[in-house]
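Numbering (this note's numbering), first residue to last: 18 to 325.
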């Protein structure tokens, strides 16, 4: 057990909330909203499928949060020296056994929601098998980010995983489940949504770059170094904006398709602040700023699609 600190939560409920991280849920929901908005644009939106997809995505996000806390605590990479907040296990308020049980329960809930989603949305055996495989892969990815003997998050592969699962699979999968077919036009906004989520992860890793490096957690930010990690941040945010702009120019024919441009000043300010932040403490408040900028961009683009 770790020693209690002044910031240790006073109740088990607060400790579990810190580990569940409900503030991360809106970003998980953003990809479902984006896929559903594209389905609406194509005239194939199904509210029940969208709702079940939201529940499944929420369970997967919570599973990822709990597994991340468990893996980092077991490996000792979350120490009192880190700039980011310590969670329930690190503070000694949640035992490893309790966290394992919570992870198993969340896996069960994820499977129930996922099966319900597949049962409602899939009508072909090939689709059922395909989405069962994608579901199992998503659960595996959520767990093995920090758990196991060779967690991919410790090898710098977290960014590509976020792009794949929070972008391509979530957005395109949500669209397919409602439309019953795949359309390549979905991949531009899917890539943008994935890149915006990747930017959130990069800020998190940039904040923890010193303690992660010292504890053997070789995130992509650690591998790139602080200077190149900031350049990388600029590139992925610029690429996300470009994907949305290309989609709007090619596929949308109304000014509402450009509503997302209202978020560009916020993204520009964020990039400037990231490049001027020289210490982990200066980077810390930029994580919440990046989350808000990503949400604003996704929401404005989705609203533009709905109005189109």
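Glycine included, every Cβ here is placed at the ideal spot set by N, Cα and C. Quick caveat: nothing in here was measured; it's all calculated off a predicted structure.
Sequence-distant residues of its chain with Cβ nearer than 7 Å to residue 325 (five each side left out): 58, 269, 271, 273, 274
Short Cβ contact (8 Å threshold) for residue 187 with residue 158: no
Outcome for residue 150 when other beta-carbon atoms lying within 10 angstroms are tallied against a minimum of 16: Flag for residue 150 reads exposed.
Buried/exposed call for residue 143, threshold 16 Cβ in 10 Å: exposed
Between the CA atoms of residue 154 and residue 135 - distance to the nearest angstrom: 15 Å
DSSP three-state assignment for residue 294, whether helix, strand or coil: coil
Endpoints, the alpha helix (DSSP H) within which residue 124 is located: For residue 124, the enclosing alpha helix (DSSP H) covers residues 113-138.
Segment contact flag, the stretch 227-238 with the stretch 188-205, C-beta cutoff 8 Å, min 3 pairs: no
Residue from 152, 114, 116 whose Cα sits closest to the Cα of residue 128: 152
Backbone secondary structure at residue 195 - three-state DSSP: Correct three-state label for residue 195: helix.
Three-state secondary structure (DSSP) of residue 171: Correct three-state label for residue 171: helix.
At least three beta-carbon pairs within less than 8 Å, the stretch 253-265 to the stretch 208-224: yes
Same chain only: Cβ atoms within 7 Å of residue 307, ignoring 5 sequence neighbours per side: Cβ neighbours of residue 307 beyond the five flanking positions: 216, 217, 220, 287.
Inter-residue spacing [alpha-carbon to alpha-carbon] between residue 164 and residue 84: 7 Å
8 Å contact criterion, which residue 194 and residue 70 should meet: CB distance rounded: 7 Å
CB contact flag (residue 55, residue 267, <8 Å): no
Euclidean distance between Cα positions of residue 65 and residue 137: 8 Å
Cα-Cα separation between residue 261 and residue 173, rounded to whole angstroms: Straight across, the Cα-Cα distance linking residue 261 with residue 173 is about 27 Å.
CA nearest to the CA of residue 91, picked from 208, 76, 111, 75: Looking at the Cα atoms, 111 is the closest of the given residues.
Sub-8 Å separation of residue 222 and residue 93 beta-carbons: no
Whether residue 264 touches residue 206 by CB criterion (8 Å): yes
CB contact flag (residue 125, residue 312, <8 Å): no
Nearest-angstrom beta carbon gap, residue 53 and residue 67 [assumed within contact, 8 Å]: Indeed, because the Cβ distance is near 4 Å, the residues count as touching under 8 Å.
C-alpha gap between residue 113 and residue 119, whole angstroms: 10 Å
Neighbour-count burial assignment, residue 291, 16 or more Cβ in a 10 Å radius: buried
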